[in-house]
Amino acid sequence: MNDLQDRIKETIEHEPVVAFIKGTHEQAMCGNSDRALAALRSVGTSFAAVDILPDPAIRQQLSALSNWPTIPQVFVGGELVGGADIVEELAASGELEAKLDEKLGSEWRNGGEERTIALVERQNPFRVVP
Amino acid sequence: MSLRLEHLLREAFPDARELDVVDRTGGGDHFHVTVVSPRFEGLPLLDQHRLVYDALAAPLGDGTIHELRITTRGEG
Numbered sequence: 003m004n005d006l007q008d009r010i011k012e013t014i015e016h017e018p019v020v021a022f023i024k025g026t027h028e029q030a031m032c033g034n035s036d037r038a039l040a041a042l043r044s045v046g047t048s049f050a051a052v053d054i055l056p057d058p059a060i061r062q063q064l065s066a067l068s069n070w071p072t073i074p075q076v077f078v079g080g081e082l083v084g085g086a087d088i089v090e091e092l093a094a095s096g097e098l099e100a101k102l103d104e105k106l107g108s109e110w111r112n113g114g115e116e117r118t119i120a121l122v123e124r125q126n127p128f129r130v131v132p
Numbered sequence: 224m225s226l227r228l229e230h231l232l233r234e235a236f237p238d239a240r241e242l243d244v245v246d247r248t249g250g251g252d253h254f255h256v257t258v259v260s261p262r263f264e265g266l267p268l269l270d271q272h273r274l275v276y277d278a279l280a281a282p283l284g285d286g287t288i289h290e291l292r293i294t295t296r297g298e299g
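In the order they appear, the protein sequences are chains A and B. Residue numbers for the first sequence follow the working numbering, beginning at 3 and rising by one. Residue numbers for the second sequence follow the working numbering, beginning at 224 and rising by one.
Structure follows, in structure tokens:
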């Protein structure tokens, strides 16, 4: 266990709904990440997004924890629900709402707020070194 | 590349009733695979997809699969 993995674990455990994606909630940088967020929005849940792009170690540590090889990964109440295909399928069948109810009670029906969490300090390639 | 994926899936799911690999962009790295197999019967979607990931671990690991969509069903 290391510092970054601790932070990932903490995020999964403390965020009711969290999606590890490429990009941010405002701008997903890959089709599957976009589909996962669209599925979450379709049921109206609030969620946090974590951008995995700033550091390749995030994805490595995340997959080591979840035993899931691809991005995006959506967690509800600390449990991996799946990638874009599964979340989309569960949203369409009504099972995603059932899962949210089961894990979170009515906590997720709170207005569809979205935010992106930074796990590592974003590296700025254009930073001017004095 | 589609053929390689199909071969790996065939090997992992010899009893698949339906098995399909679509190269979504023609570039040989964005795929949609569909597998209908009795092996999925009664398994949560998460576990169904894990079996597909296991079957495709090599091309996923070496980066040949850039993006993967998965559709799985038991026979029912």
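Backbone N, C-alpha and C define an ideal beta-carbon position, used for all residues, glycine too. Source: prediction; values computed, not measured.
- B/R227 has a beta carbon lying at 8 Å or more from every beta carbon in chain A.
- Within a 10 Å sphere around the beta-carbon of B/S260 sit 16 or more other beta-carbons, which makes this residue buried.
- A Cβ-Cβ distance of about 5 Å is found for the pair A/N112 and A/S48, placing them in contact under the 8 Å criterion.
- Closer than 8 Å to the CB of A/T118 there is not a single CB belonging to chain B.
- Here A/V122 carries a coil assignment [DSSP, helix/strand/coil].
- B/H255 and B/E290 have their C-alpha atoms roughly 8 Å apart.
- Secondary structure at B/L279: coil, using DSSP grouped into helix, strand and coil.
- Residue-level contact check: B/R296 does not touch chain A, since none of the beta carbons of chain A fall below 8 Å from its beta carbon.
- The continuous stretches of alpha helix (DSSP H) do not include A/A51, which lies in the beta strand (DSSP E) extending over residues 49-53.
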